[in-house]
Amino acid sequence: MAQTSTINLMISCKQATELLDKKAVLKLSGRENLALKLHVAICEACKRYKKQTQFLENILKLNFKNSNPDQVPQHTNEELKGKIFEYLKKNQ
């Protein structure tokens with residue numbers, strides 16, 4: 005009788021958010037990617053977290069492309085904070 009191995013693809017919200025953060029900087033393994041997709045498909049909270057982190061990544065990329073973070077003017081920081089809070093209020 006052949007032994008079958010099962011792969012547990014069910015992950016917790018904590019694991020899903022860790023994978024979403026990891027995905028922003030590293031490539032996920034096939035198992036991690038599949039587990040994350042399955043979890044986000046059924047979890048509204050993690051779906052929202054994914055959307056929010058993608059928004060933050062995009063706004064930071066657009067505003068800080070080729071710039072030194074130490075040289076960002078204070079008014080730019082305040083403007084970005086306002087945009088982020090406005091987006092989060094609208095998308096809760």
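Add 4 to the 1-based position in the sequence shown for our numbering, that's all there is to it. We put the beta carbon where it would ideally sit given N, CA and C, even for glycine.
The same chain holds no residue with a CB closer than 7 Å to that of Ser16 once the five nearest residues on each side in sequence are set aside.
The closest CA to that of Leu60, considering only Ala28, Asn12 and Ile46, is found on Ala28.
Leu23 is positioned such that its CB atom lies closer than 7 Å to that of Glu36. Rounded to the nearest whole angstrom, the C-alpha separation of Gly86 and Leu13 is 38 Å. Straight through space, the alpha carbons of Cys50 and Gly34 are spaced by roughly 19 Å.
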